[in-house]
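Order-wise, the sequence lines are chains A and B. Residue numbers for the first sequence follow UniProt numbering, so the first one is 1 and each next one is one higher. Residue numbers for the second sequence follow UniProt numbering, so the first one is 1 and each next one is one higher. Beta carbons: idealized from backbone N, C-alpha and C, even for Gly. These numbers come from a predicted model, not from an experiment. This report concerns only the one structure given below.
There are 2 protein chains.
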Amino acid sequence: MTAFAPDPYDRDCPTRQLLDRIGDQWTVLIVGTLGDGPLRFTEIGKRVAGISQKMLTQTLRALVRDGILERRMYPEIPPRVEYELTDLGRDLAEPLGVLTEWATQHMDRVARAREEYDRAASGR
Amino acid sequence: MTAFAPDPYDRDCPTRQLLDRIGDQWTVLIVGTLGDGPLRFTEIGKRVAGISQKMLTQTLRALVRDGILERRMYPEIPPRVEYELTDLGRDLAEPLGVLTEWATQHMDRVARAREEYDRAASGR
DNA sequence: CTGCATCCTGCGCGATACTG
DNA sequence: CAGTATCGCGCAGGATGCAG
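Now the structure itself:
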């Protein structure tokens, strides 16, 4: 029996769409970071080190568009903008948390598997 | 308190590595497909429609290297090769299943959020 | 501070052709 | 059938500069 969704082969199936979204790693990292609560633009950028300003802007906008994040703008001088998970976003954070937990628990095994594989391959 | 792993900002942290892996959607789709049991190379290609032979080969090799899949070769004429989830792979399939389930349940809300967002944006 | 526009480069990936 | 090898393009994404 199939462990997964109907046909992930249909370009329009939800699974595909979600994968496209979490495909860029930034989505997952940002959602994870915001699990603590709302954060300002710059603050997110500092937490998710390595992300370019362009990708940050881009990813944030996409997430707001998807209803995962809410953007709250305070028309002050200087302007302040905060991003926060919506209910939907918090809901998504949960399965993502399961995944990251899996990662932290098993990635050492993956690392060992890689070493072994590479050693075997080079030895040939 | 942080909902996620230590620092996803470290390029070497397990979370990052996993994300890189599931980043290419093919990984998730292939692991999902193999949840039913072992499959032949060509069979996987047919199930995961849209994947090029190159990406199929590439992804399969990467997954074998990571110890997620096992490659079983039968030296017959014509040659037959089967891929199967390892214990580790089956273990990964579970959290992935949770994610895809989330997708099937909530992607309609995402779709609506997008429409609304686009409508508001274009109306301006 | 929080963006948006532009330019530019690398390389991911598809297409194609060839082997055992 | 199950791959490897090679070429070529498209576009994701980094760097830089400007705006409100």
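Proximity below 7 Å, CB of residue i to CB of residue j
i: Trp26 (chain B); j: Met55 (chain B); result: yes
i: Pro38 (chain A); j: Met107 (chain B); result: no
i: Gly89 (chain A); j: Ile68 (chain A); result: yes
i: Arg65 (chain B); j: Tyr117 (chain A); result: yes
i: Thr59 (chain A); j: Val48 (chain A); result: no
i: Phe41 (chain B); j: Val81 (chain B); result: yes
i: Thr57 (chain B); j: Glu70 (chain B); result: no
i: Gly23 (chain B); j: Gly23 (chain A); result: yes
i: Leu19 (chain B); j: Val28 (chain A); result: yes
Partner residues on chain A for residue i, Cβ-Cβ distance less than 8 Å
i: Leu88 (chain B); result: His106, Arg109, Val110 and Ala113
i: residue 151 (chain B); result: Absent from the model: residue 151 (chain B). The displayed extent of chain B is 1 to 124, so no value can be given.
Partners in chain A for residue i, counting only beta-carbon separations shorter than 7 Å
i: Val81 (chain B); result: Under the 7 Å cutoff, chain A gives no residues; its nearest Cβ is about 17 Å from Val81 (chain B).
i: Leu19 (chain B); result: Gln25 and Val28
i: Pro14 (chain B); result: Ala103, Thr104 and Met107
i: Leu92 (chain B); result: Trp102
Residue interval of the beta strand (DSSP E) (run including residue i)
i: Glu84 (chain A); result: Arg80 to Leu85
Residue(s) in a DSSP beta bridge with residue i
i: Leu39 (chain A); result: A:Tyr83
i: Lys74 (chain A); result: Looking at the sequence provided, one finds Tyr at residue 74 (chain A) rather than Lys. Answer is A:Arg80, bridged to Tyr74 (chain A).
i: Leu96 (chain A); result: Paired residue(s): none; Leu96 (chain A) is not in a bridge.
i: Thr69 (chain A); result: A quick correction: the sequence has Leu, not Thr, at residue 69 (chain A). Bridge partners of Leu69 (chain A): A:Leu85.
Host alpha helix (DSSP H) of residue i (start-end)
i: Gly23 (chain A); result: Pro14 to Gly23
i: Ala49 (chain B); result: Note, Ala49 (chain B): premise wrong, no alpha helix (DSSP H); not H, not E.
Residues that residue i contacts on chain B, provided the C-beta gap is smaller than 7 Å
i: Gly67 (chain A); result: Arg109, Val110 and Ala113
Residue i: contacting residues in chain B (beta-carbon distance under 8 Å)
i: Tyr74 (chain A); result: Within 8 Å Cβ-Cβ: nothing; Tyr74 (chain A) doesn't reach chain B, min ~20 Å.
i: Pro78 (chain A); result: Those within 8 Å of Pro78 (chain A) in chain B number zero; the least Cβ separation is about 24 Å.
Three or more C-beta pairs below 8 Å linking the region 85–95 of chain B and the region 75–86 of chain A: no
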